[in-house]
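What follows is a single structure, written as structure tokens, with notes after it.
Numbering (the UniProt record's numbering), first residue to last: 1 to 322.
Given below as structure tokens:
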């Protein structure tokens, strides 16, 4: 299962895994449709037959890229999706096992009694970025840095959409190529090729995924944002959580007053203090912000909650033990 399948990325970044190296895949879950989360999932789905669970914006982009509808599962938050292995899906398609009730023209799916696990889909929030133009982006996100106040009463993810649509995606219109550093030029070229790199300036609605089996859960929330009420009411409480750590935290659609580390402590407590928390959205980049300093978040989480915080590193393999 792939959580962030952007293996096909812009030049200049060190590569750890090529798309062609992924041979077996059952499901891909997409948090949102931005350039660093969606590209590559279409190619993985077409080659491996994996099903993709994603919001409507991502699903539309994937359908346009040629991914067939029988591999696309559109969600918006609130859904509970049974998960099956490929052999079970094949048997249902061939009529060898009981099928789930379905509309007349729907592709056949197995009866839920054959599900090996489930994923509960919940609305979530994209982190906020303290920038209006690409020039304003910081060199680094420090999870110990406190953010207070707001630029306007309307600071929200609409600003992210506008920064993507009219800033990052159109850099060649206002920055001469000869003035771009190699990283900026590589990024500008990457986002121009929408045929190869499937993405949208609009996130389509951030989602988080709770994978459930035998009454235990693993939560994947890729960005530094959450609805408090959803986090508090989530059942089962996850024993393992994968949480985004970069940016300014987004709580209930409003800028969080405090540091990313402080926000993560609150989120961990709302989730029942998972035993292990793995950091997401902490990888290096060739455009600003270039890096995330997660030391403050790790230190505060381990001091104020029961969690062990893992500052994940690209190229490393992690076993999620629940």
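Cβ coordinates follow ideal geometry from the N, Cα and C atoms, glycine included.
Closest Cα partner of residue i within the set the options
i: residue 180; options: 62, 288 and 23; result: 288
i: residue 83; options: 96, 28 and 105; result: 28
i: residue 298; options: 276, 215, 316 and 186; result: 276
i: residue 137; options: 81, 97, 230 and 184; result: 184
i: residue 12; options: 279, 106, 284 and 37; result: 284
i: residue 161; options: 322, 125 and 300; result: 125
i: residue 246; options: 234, 261, 108 and 235; result: 261
i: residue 252; options: 90, 157 and 50; result: 157
i: residue 188; options: 166, 202 and 117; result: 166
i: residue 263; options: 300, 242 and 34; result: 300
i: residue 250; options: 222, 72 and 36; result: 222
i: residue 193; options: 96, 172 and 210; result: 172
Own chain partners of residue i with C-beta closer than 8 Å, once the 5 adjacent residues on each side are dropped
i: residue 237; result: 217, 271, 272 and 274
i: residue 75; result: 53, 54, 55, 81, 121 and 207
i: residue 155; result: 128, 254 and 255
i: residue 293; result: 140, 141, 142, 143 and 144
Rounded straight-line distance, which links the Cα of residue j to that of residue i
i: residue 304; j: residue 265; result: 7 Å
i: residue 132; j: residue 214; result: 45 Å
i: residue 44; j: residue 22; result: 8 Å
i: residue 212; j: residue 175; result: 47 Å
i: residue 130; j: residue 190; result: 23 Å
i: residue 196; j: residue 100; result: 35 Å
i: residue 302; j: residue 310; result: 10 Å
i: residue 135; j: residue 177; result: 15 Å
i: residue 361; j: residue 201; result: Residue 361 falls outside the range modelled here, since the chain spans only 1 to 322, and no answer is possible.
i: residue 87; j: residue 93; result: 10 Å
i: residue 159; j: residue 168; result: 12 Å
i: residue 3; j: residue 36; result: The predicted model places residue 3 with a pLDDT of 45, which falls under 50 and marks its position as unreliable, so this point remains unresolved.
Residue i Cβ short of 8 Å to the ligand COA heavy atom set
i: residue 20; result: Questions concerning the ligand COA fall outside what the structure shown contains, since it holds no ligand whatsoever.
Beta-carbon proximity list for residue i, same chain, < 6 Å, skipping 5 on both sides
i: residue 42; result: 62, 65, 67 and 198
i: residue 98; result: 111
i: residue 147; result: 248
i: residue 123; result: 77
i: residue 232; result: 270
Cβ neighbours of residue i in the same chain (closer than 7 Å, five flanking residues each side left out)
i: residue 320; result: 218 and 240
i: residue 290; result: 139, 140 and 284
i: residue 182; result: 12
i: residue 115; result: 82, 83 and 84
For residue j and residue i, believed in contact at Cβ under 8 Å, the rounded distance
i: residue 57; j: residue 204; result: 3 Å
i: residue 281; j: residue 234; result: Contact doesn't hold; Cβ gap of about 20 Å is too wide.
i: residue 186; j: residue 322; result: Not a contact, Cβ separation roughly 38 Å.
- Enumerate, from N- to C-terminal direction, the unbroken alpha helix (DSSP H) stretches of 4 or more residues contained entirely within the UniProt domain "Metallo-beta-lactamase" (14-108). Complete alpha helix (DSSP H) runs here, min 4: 41-48, 56-64 and 86-93.
- Query: Can you give, in chain order, each stretch of the alpha helix (DSSP H) that sits fully within the segment 191-262 and has at least 4 residues?
  - Reply: 228-233
- Message: My parser needs the beta strand (DSSP E) runs of 3 or more residues fully inside the segment 124-173; what are they?
- Response: Entirely contained in the segment 124-173, the beta strand (DSSP E) runs reaching 3 residues are, in chain order, 140-142.
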